[in-house]
Structure formats: C-alpha cells, structure tokens
Amino acid sequence: MKMESVVMLPGMGGAEIRGLGGNSVRFSGDAGVQWVLQPRGTARVRGPQHFRHSVREGVRLSEYEHVLGSDGDALKQLFPAGVARLWGSTPPVRERSAKVTALEERRVGDEVLFYAGKKFVAKARILGLLRNRPLARAVWGEDEDRKTWEHIMALGDVTEFEVPAEPFLRGLRVPVPLRSLTLVPAEERRRLLDMADPAVSSRPERNSPRPERGPNLNREALFRSLSSLRTHIKEQRASRHEPITLLWAIGRLATQQERMVEWETFRSEVGPLLQDYGLPDSKVTPEYPFWHLRSSGLWNVEGIDQPATPTPPQLVASRARAGLTADAAKILRRSLARAEAIGLLCSKHLGDVDRDGLLERVGLAGYTRASGEFPDRGRGGGRTPRREVTSSRPDRDQRLVERLKVMYQHECQVCGSRIETRYSHYSEAAHIRGVGRPHDGPDELSNLLCLCPNHHVEFDRLAIYIDEDWAVRRNSTGTVDYRLKLHADHAIEQAHLRYHRGLCGRL
Ligand SMILES: [Zn+2]
-5 MKMESVVMLP GMGGAEIRGL GGNSVRFSGD AGVQWVLQPR GTARVRGPQH FRHSVREGVR
55 LSEYEHVLGS DGDALKQLFP AGVARLWGST PPVRERSAKV TALEERRVGD EVLFYAGKKF
115 VAKARILGLL RNRPLARAVW GEDEDRKTWE HIMALGDVTE FEVPAEPFLR GLRVPVPLRS
175 LTLVPAEERR RLLDMADPAV SSRPERNSPR PERGPNLNRE ALFRSLSSLR THIKEQRASR
235 HEPITLLWAI GRLATQQERM VEWETFRSEV GPLLQDYGLP DSKVTPEYPF WHLRSSGLWN
295 VEGIDQPATP TPPQLVASRA RAGLTADAAK ILRRSLARAE AIGLLCSKHL GDVDRDGLLE
355 RVGLAGYTRA SGEFPDRGRG GGRTPRREVT SSRPDRDQRL VERLKVMYQH ECQVCGSRIE
415 TRYSHYSEAA HIRGVGRPHD GPDELSNLLC LCPNHHVEFD RLAIYIDEDW AVRRNSTGTV
475 DYRLKLHADH AIEQAHLRYH RGLCGRL
C-alpha cells in the first residue's frame, strides 16, 4: 500500500497524516488508543446537518434538561460550560457485525474518525459513552424505522480536516467505502502509524555483522523486559547494575552516539557509574551487565561467543562489543517510548538512587523534570544545588499563558487555590510536556496547566501526575489527591499527560 501520506512528527511519539491542500491531522502516540471509524452519513439521512449541530456547534445541555435523566450529572461534568459534543448510533440490526463489536469494545480515550465522501473529515476523542433514547430522539430525531441514535459518544478535541481515507482503510483491511461503524484495535492502529516512522528508517544501523536475538521485539515486550530485569538478589536488595547500564545505553541513543561499544569504552564509562550509583556494598563488575544483559532480550554482544562469562582480559582480547539490540534501539529512539522507559527503570529499579545525578551523568538530565530544561552544567557532577536556567527556554507564547490564566482566573487546576497579590492575583502556567529539550512538547493550550506555585513544582518535579480520568495522584503512593479542574474551552491532549506519566514511571 502507499503510505506517503503518513509521516511521524519528530518528537511527538504520534503521527501526522498529510491530506488535501496542505491539511494535516495529528494522531495521539498513545499505544492503547483504538480507532472508531464513524461514517458521518449522507445528506439523505441528514448526516451533515447532524454533524454541524451536535458535533461542530454542540448541544446546549440546558435545552435538553428534561431528557438527560441520570446522564445529566456526568454530561455536565464532562462539559462544564454546558455545551456537549455528541454523536450517536442506532442499535445494531444483526447480532454479529462490525458495528456490534465497535459499540461493545470502544472505550473512553479512543479516537473517532468521521468518514464522508471517501475522506476522513474530522477526528475527536471519546470522553464518555452513554445510552439514552430520549436524549437521542430529542437531538437527532428518529429514522424511518423509528430507531434513535441512542448509543451516544460524548466527544472532545474535535478537529476537522480532509484526508483521503482509502489508503488508510486498505492498510487496515477495512472495506472501502466505509459503510458501518468499525473499530480498529490498538495494535492495528499502532502498526499503521508505525509503518512510516522516519525517525527509524532514516537512521540505518552501521555494520551489524550478525543477526541479533529477539526478532520483531515490540513495545510491549520491551517494557515487560525492562520491568522484569534479572537482578541479582544480594541481602534482599537487587543489584542496580543492569538498570544503570540500560540508562547509560539509552543516554547514548538520546545523544546520538553509537549503539554498540567496545568493552574498554564500556568499562571506562559504565564502571564509574556502577561505582557511584550501585549498591554501596556491591562489587563493581561491569563485565556482568556487559555480558548478562543479553538475557533481557534487549541487549546484544558481538565478537565473542562462549558458554562461560568472559573475563575482562578475554573481552579485551576479543575486542567484544555490546549495546542495545537494533530492535530495542529503534523503539527507544522514539521520544515517548524513551521517556516511559526512563521513568520505568528509575521507579522500578532505582527508587532510592539520586535520580537527578545519575540521569545527568548519562546524558539524560532533562528527564528528571517535566519541563525538561537541562540543569546548570560545569559544576561538579550534578550534585550541587541547581539554578534555574531561564535563558535556554524556548520562546513561549505569552498570549496563550494570559488566556489560560484568565480562563481559570488564576485558580490552581489542582487545588483550586488562588494567590492574592497587592493589586491582582498570581498563578503559573505549566507545560505538561516540556517545550524545551529533550521533551519537545508543543507550546499550545492543550499542553498547558494553570497551577499554583506549589503544584507547579510538584508537577514539574514528577511528585504528582494526572490520570486519564483527571484524577491528580501522588506519585509516591498513587493515591488521589485531587481531581483536575477543567474549563470547557480547555482541551488538554491526553497524549501529553501520558508522556508526563511516563516520566513519572507510571505506564
Ligand atoms: Zn495548587
């Protein structure tokens, strides 16, 4: 199939589809998201009118008070400004059909793609699912069989565009033209978006002389491996050698260095890390992770092949090289996967290590904070107190910040507090995914939070994170501290929150 129209956005972990006349649409990089393919319907069934009324303009909940029933509270919570974006489906006719599967399996957080005239014309995110016949009848009426659109999706992040649907549908093995509500499982969606990832294909591996283990490693398998690293239990405490080595290897990827390194380089770089960040009473033996990390399925050793663990002199003599496998590196070169992997390694295996110091040493300094700015270098080893580096901040759109603060009237979206000053009020705008290196988040309202200074620091330093359902949780315990306050005009992109959760080690 032709995939020229699909390109990965650098640093977004998602994908962008280029469409007609310079149109383009961005998709979430979130691995769990499914696609709900939704025919918009022709003029004969009033498809365009319904779309304009209930999706583009939105439905005023106050006008439908009498038919909201028990869904009223949930809808008002989802749409605090009182304008709900809704789309519905009639009950399926046949017992087993694509439509039945889609109605049953679609979930909150999934992406809906509206289809009309062989094109995708809009995208939205499912905020809620409900079944309400009186509401459906009031909003869209009944069809000729007296059926209503009672299976209702509450929608957010509505974006309209035009892209040809045919290459897409063929890639997904969905019949063209699309006639029925159809669900695309997360793996299929991911596969399609992954097909043309230039971050991967533009970076050919230099001479890999022999085939590597672990063919077709996927993202899930990689994260399983990272969380279940074989660690040697020593007096009830696991050795930190393998997670430290993997962080070092990820740091090499992030700083564009070669994936495979010779033993002597490895020893001179990893040895001191194990010395400084390994367990105080453990022996420093870089030859162990160099050799044994292979059992993780993420690691490759070249130039030496023997049953026993090689000794350092043997490693020197054979000029052995080791590093992440090409498959693992391919996944970890994507910024979303990389942030999640770093968060996972730190939270799972390096809980009581000086994370700031270690990440800075391996070239991943920005990952200790959501805002991502590199701490001041040039003062010994990252263990000195940090000074804010404001000069390296990319230019930010001050109008967005003002808009956000006015929208919330300076109330913290986490705790609701509002700091009074002599003449006004004070709040801070926090990027969910830092705009600077290394996170490269967008400077958009969908990536901003209005916070009080305390919660800004806690969010930025990864002490709190926000779940898909807007629960604000404490990272150390996972308990819900607050529920995020959301203004109706503030559509936060779930993918950015997920990226932040990745940094927090919460997958
Ligand atoms: Zn607060």
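In my numbering, the protein residues as written are -5 to 501. Beta carbons: idealized from backbone N, C-alpha and C, even for Gly. Predicted, not measured: the structure shown is a model, and the values here were computed from it.
For residue i, tell me which candidate among the options has the shortest Cα-Cα distance.
i: Leu497; options: Leu443, Gly357 and Ser329; result: Ser329
i: His449; options: Thr471, Asn469, Cys409 and Asn441; result: Cys409
i: Gly430; options: Asn441, Ser421, Glu422 and Thr259; result: Asn441
i: Phe162; options: Glu99, Arg455, Tyr109 and Leu267; result: Tyr109
i: Ala118; options: Val27, Ala130, Glu105 and Thr415; result: Glu105
i: Leu292; options: Asp137, Ile298 and Leu223; result: Leu223
i: Gly317; options: His286, Val255 and Phe155; result: Val255
i: Val178; options: Met147, Asn126, Leu107 and Glu160; result: Leu107
i: Arg327; options: Arg500, Ala116 and Pro432; result: Pro432
With DSSP run on the structure shown, which of helix, strand or coil describes residue i?
i: Asp370; result: Annotation note: pLDDT 43 at Asp370 (below 50); position unreliable, coordinate value reported separately. Coil.
i: Thr153; result: strand
i: Arg231; result: In this predicted model, Arg231 has a pLDDT of only 47, less than 50, meaning its place in the structure is not dependable enough to derive any value.
i: Gln308; result: helix
i: Cys444; result: strand
i: Trp293; result: strand
i: Ile336; result: helix
i: Val383; result: Summary for Val383: the model assigns pLDDT 42, below 50, so the residue's position carries little reliability; its value from the coordinates is reported in the next sentence. Val383: coil per DSSP, three-state reduction.
i: Tyr402; result: coil
i: His494; result: helix
i: Trp143; result: coil
i: Pro158; result: strand
i: His484; result: coil
i: Arg164; result: helix
i: Ala465; result: strand
i: His286; result: helix
i: Glu181; result: helix
i: Leu124; result: strand
i: Val30; result: strand
i: His433; result: coil
Tell me the rounded alpha-carbon separation between residue i and residue j.
i: Thr176; j: Ala96; result: 5 Å
i: Lys113; j: Glu59; result: 35 Å
i: Gln43; j: Ala37; result: 8 Å
i: Leu394; j: Arg88; result: 49 Å
i: Arg315; j: Thr259; result: 9 Å
i: Arg332; j: Arg349; result: 16 Å
i: Thr239; j: Pro283; result: 7 Å
i: Gly41; j: Leu480; result: 30 Å
i: Leu247; j: Ala322; result: 11 Å
i: Arg313; j: Asp475; result: 54 Å
i: Asn212; j: Leu478; result: 33 Å
i: Ala92; j: Ser174; result: 7 Å
i: Val451; j: Glu354; result: 19 Å
i: His484; j: Gln28; result: 23 Å
i: Arg100; j: Asp463; result: 16 Å
i: His235; j: Gly272; result: 6 Å
Hey, quick one: how far does the alpha helix (DSSP H) through residue i stretch, first residue to last?
i: Ile460; result: Segment Ile458 to Ile460 is the beta strand (DSSP E) holding Ile460; no alpha helix (DSSP H) there.
i: Ala132; result: Arg127 to Trp134
i: Tyr271; result: Trp257 to Tyr271
i: Arg355; result: Arg349 to Arg355
For the beta strand (DSSP E) that residue i lies in, which residues bound it at each end?
i: Glu317; result: One point to set straight first is that residue 317 is Gly, not Glu, in the sequence displayed. Element bounds for Gly317: Arg315 to Leu318.
i: Tyr476; result: Val474 to Arg477
i: Thr176; result: Thr176 to Val178
i: Arg218; result: Premise fails: Arg218 lies in the alpha helix (DSSP H), Arg213 to Ser221, not in any beta strand (DSSP E).
i: Glu422; result: Glu422 to His425
Hey, is residue i's beta-carbon within less than 8 Å of any beta-carbon in chain B?
i: Glu99; result: Note that chain B does not occur in the displayed structure, where there is just one protein chain.
With a floor of 3 residues, list each beta strand (DSSP E) that falls wholly inside the segment 34 to 118, ordered by position along the chain. Taking 3 residues as the shortest admissible run, the segment 34 to 118 contains the following complete beta strand (DSSP E) segments, listed from N- to C-terminal end: 80 to 83 and 105 to 110.
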